[in-house]
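*Asks:* This is the structure I want to talk about, given as structure tokens.
Numbering (the numbering used here), first residue to last: 1 to 434.
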């Protein structure tokens with residue numbers, strides 16, 4: 001069934017949309033199955049069912065035009081290296097050089113955890129120091145492509161910082177709604193990029209007040225929604241899937257045994273799953289790694305559902321999310337349906353980590369591999385160890401951990417009150433301290 005887009009969300013300048021989107025076939029609502037023409041660049045299902053509009057590609061046409069070897073031989077790197085599998089025209093993109101991050105072979109960490117091989121995809125190297133740059137590179141390009149000027153986002157900080165940076169680069173007006181307790185590291189980025197930032201008070205248990213306000217602004221003020229999760233804009237979710245492309249390419253197209261994904265709203269797990277599925281549909285891989293979402297114990301609606309074999313429809317929002325992993329505190333996993341699909345298709349699992357395990361994960365990643373990740377970005381470290389101890393993973397497995405954001409965003413979460421000694425500039429003082 002084909003549907004029209006909602007009033008107030010139409011493309012402002014449809015003549016700017018290039019039919020170069022020759023590889024995008026249509027968009028389909030993940031809940032009701034309604035189909036949408038790509039030329040209208042819809043962002044939300046007209047039935048208001050909170051279904052994500054999944055972008056469907058013409059894989060037969062792609063297989064005729066694009067090969068794995070041809071992509072591997074391209075000189076351009078980053079997200080737009082894979083432009084045929086993205087829903088925005090690269091000519092509208094900012095040139096901040098997102099993506100193309102290193103896949104670090106973490107030998108010392110592997111030995112400490114008990115694995116044959118551990119790889120860390122270091123997303124702290126992105127322009128604003130988080131993987132969200134992949135999402136916002138695509139989302140902001142789509143906003144420009146469709147002739148929008150005002151973009152709005154609900155975010156715990158990283159996605160908002162990223163959208164603010166891309167808005168600055170492209171001349172968009174960015175409006176960011178963030179939680180009351182947003183870290184100063186993230187807030188500072190937002191303000192310096194020129195975003196209009198508002199902290200939003202919690203009003204109802206189990207609901208995200210930033211999302212509630214964003215939805216009102218979209219429908220009442222006509223702003224273009226640009227959050228990192230899918231139900232309110234389908235295009236950003238396509239950006240993070242390039243992590244899967246890069247990991248496979250960096251491993252020489254050898255499929256790892258497991259990928260552990262820090263998870264809040266589910267957007268990253270959904271993106272990684274989409275990327276893996278794209279590669280399978282194109283025949284570029286012939287098996288899947290286990291997809292393993294990791295959540296903090298203080299906010300685990302998706303992990304709980306996966307462990308209990310529940311359906312997405314049965315997920316209950318976390319009433320009072322709490323964790324130092326502030327980027328994983330979405331009370332409801334908006335893209336959890338795709339994450340669950342990916343977990344089941346890949347015979348994956350889910351795991352949770354306690355607060356002390358998160359702090360130790362940050363320390364291990366920093367002290368053994370020199371990668372300083374924020375708490376949200378390090379949760380996979382000890383989650384992998386727990387799964388090894390449970391027999392879900394094997395010591396011979398090749399495990400990929402996603403380090404999704406820099407520890408410089410909120411260092412106070414992991415080094416609170418650690419005093420640095422002060423000594424005199426002489427050897428006696430040094431020896432006394434030692």
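Just so you know, even glycine gets a beta-carbon here, dropped at the ideal spot from N, CA and C.
Values in this document were obtained by computation on a predicted structure and should not be read as measured data.
(1) Touch check for the segment 246-259 and the segment 308-319: three-plus C-beta pairs under 8 Å?
(2) In the DSSP assignment, find the alpha helix (DSSP H) that holds residue 69 and state where it starts and stops.
(3) On a CA-only basis, which of 273, 196, 159 is nearest residue 341? Give me that one, please.
(4) Based on Cα-Cα distance, which residue from 137, 256, 343, 242 lies nearest to residue 71?
(5) Going along the chain, which residues of its own chain have a beta-carbon closer than 8 Å to the beta-carbon of residue 122, five neighbours each way excluded?
(6) Compare the C-alpha of residue 328 against each of 346, 269, 278 and name the closest.
(7) Going by DSSP, what residue range makes up the beta strand (DSSP E) through residue 122?
(8) Who does residue 54 pair with in a DSSP beta bridge?
(9) Can you have a look at residue 20 and say buried or exposed, based on whether 16 or more other CB atoms are within 10 angstroms of its CB?
(10) Using three-state DSSP, classify residue 16 as helix, strand or coil.
(11) Hey, is residue 111 close to the ligand NAD, as in C-beta under 7 Å from one of its heavy atoms?
(12) From residue 42 to residue 226, what distance separates their C-alpha atoms?
(13) Just the Cα atoms here: how many angstroms apart are residue 380 and residue 414?
(14) Report the option in 375, 59, 85 whose CA atom is closest to the CA atom of residue 326.
(15) Go ahead and pull the three-state DSSP assignment for residue 202.
(16) Quick one: residues in its chain with C-beta nearer than 6 Å to the C-beta of residue 31, no 5 flanking neighbours on either side, listed in chain order?
(17) Using the three-state DSSP reduction, which class does residue 406 fall into: helix, strand or coil?
(18) Within 10 Å of its beta-carbon, does residue 220 have 16 or more other beta-carbons around it, so buried, or fewer, so exposed?
(19) Alpha carbon to alpha carbon, what distance is there between residue 357 and residue 15?
(20) Which stretch, first to last residue, makes up the beta strand (DSSP E) that contains residue 295?
(21) Could you give the distance in angstroms between the alpha-carbon of residue 409 and the alpha-carbon of residue 301?
(22) For residue 258, is the classification buried or exposed, using 16 other Cβ atoms within 10 angstroms of its Cβ as the cut-off for buried?
(23) Using three-state DSSP, classify residue 47 as helix, strand or coil.
(24) At what residue ranges does the segment 122-171 contain a whole run of the alpha helix (DSSP H), taking only runs of 4 or more?
(25) From the DSSP output, which residues share a beta bridge with residue 353?
(26) Rounded to the nearest angstrom, what separates residue 135 and residue 360 at their Cα positions?
(27) Using three-state DSSP, classify residue 400 as helix, strand or coil.
(28) Pick helix, strand or coil for residue 93, following the three-state DSSP scheme.
(29) Are at least three pairs of beta-carbons, each pair with one atom in the segment 284-303 and one in the segment 342-353, less than 8 Å apart?
(30) Excluding the five sequence neighbours on either side, which residues of its own chain have a C-beta within less than 7 Å of the C-beta of residue 351, listed in chain order?
(31) Can you tell which of 109, 78, 38 has its C-alpha closest to the C-alpha of residue 369?
(32) Which residue wins for smallest C-alpha separation from residue 172, given the options 145, 233, 187, 366?
(33) Pair every Cβ in the segment 147-160 with every Cβ in the segment 174-193, then say whether three or more of these pairs are closer than 8 Å.
(34) Taking only three categories from DSSP, how would you classify residue 226?
(35) Residues in its own chain within less than 6 Å of residue 81 by CB, not counting five upstream and five downstream?
(36) Pairing CB atoms from the segment 61-69 with CB atoms from the segment 113-128, are three or more of them under 8 Å?
*Replies:* If we stick to the structure as given:
(1) With a cut-off of 8 Å, the segment 308-319 and the segment 246-259 do not count as touching, because too few Cβ pairs lie within range.
(2) Counting along the chain, residue 69 sits inside the alpha helix (DSSP H) bounded by residues 68-72.
(3) When each option's Cα is compared against that of residue 341, the closest is 273.
(4) Looking at the Cα atoms, 242 is the closest of the given residues.
(5) Excluding residues within five positions, the ones whose Cβ falls inside 8 Å are 101, 102, 103, 104, 371, 403.
(6) If you compare the alpha carbons of 346, 269, 278 with that of residue 328, the shortest gap goes to 269.
(7) 117-122 is the span of the beta strand (DSSP E), which, as asked, contains residue 122.
(8) DSSP, once it has assigned bridges, lists 28 as partnering residue 54.
(9) At residue 20 the pLDDT is 47, less than 50, meaning the model places this residue with poor confidence; the figure from the coordinates comes in the next sentence. By the C-beta density criterion, residue 20 is exposed, having fewer than 16 other C-beta atoms within 10 angstroms.
(10) Note that residue 16 scores a pLDDT of 47, beneath 50, so its modelled location is shaky and nothing firm can be said.
(11) Ligands in the displayed structure: none, and consequently the ligand NAD is not present.
(12) Rounded to whole angstroms, residue 42 to residue 226 spans 13 Å at the Cα level.
(13) Each residue's Cα considered, the two are about 16 Å apart.
(14) The residue with the shortest Cα to Cα distance from residue 326 is 375.
(15) DSSP places residue 202 outside both helix and strand once states are collapsed to three, so it counts as coil.
(16) Closer than 6 Å at Cβ, skipping near neighbours: 49, 51.
(17) Three-state DSSP puts residue 406 in a strand.
(18) Exposed, since its Cβ has fewer than 16 Cβ neighbours within 10 Å.
(19) Its pLDDT being 46, under 50, residue 15 is placed unreliably in this model, and the coordinates cannot settle the point.
(20) Note, residue 295: beta strand (DSSP E), 290-296.
(21) Distance between the alpha carbons of residue 409 and residue 301: 25 Å.
(22) The residue is buried, with at least 16 neighbouring Cβ atoms inside 10 Å.
(23) Correct three-state label for residue 47: coil.
(24) Counting only runs of at least 4 residues, the segment 122-171 fully encloses the following alpha helix (DSSP H) elements, listed from N- to C-terminal order: 132-145, 158-170.
(25) The partner list for residue 353 (beta bridge, DSSP) reads 296.
(26) Here the alpha carbons of residue 360 and residue 135 stand approximately 28 Å from one another.
(27) DSSP, reduced to helix, strand and coil, places residue 400 within a strand of the structure shown.
(28) Residue 93 falls in the coil class under three-state DSSP.
(29) As far as the Cβ criterion goes, the segment 284-303 touches the segment 342-353, which means the pair count is three or higher.
(30) Annotation for residue 351: 292, 294, 303, 383, 386, 387 place their beta carbon closer than 7 Å to its own, counting only its chain and skipping 5 residues before and after.
(31) Looking at the Cα atoms, 109 is the closest of the given residues.
(32) Of the listed residues, the one whose Cα sits closest to residue 172 is 145.
(33) Yes, they touch.
(34) Note: residue 226 maps to coil in three-state DSSP.
(35) Beyond the five residues adjoining it in sequence on each side, residue 81 comes within less than 6 Å, by CB distance, of 74 in the same chain, given in chain order.
(36) Taking one beta carbon from each stretch, the segment 61-69 and the segment 113-128 have fewer than 3 pairs nearer than 8 Å; the two do not touch.
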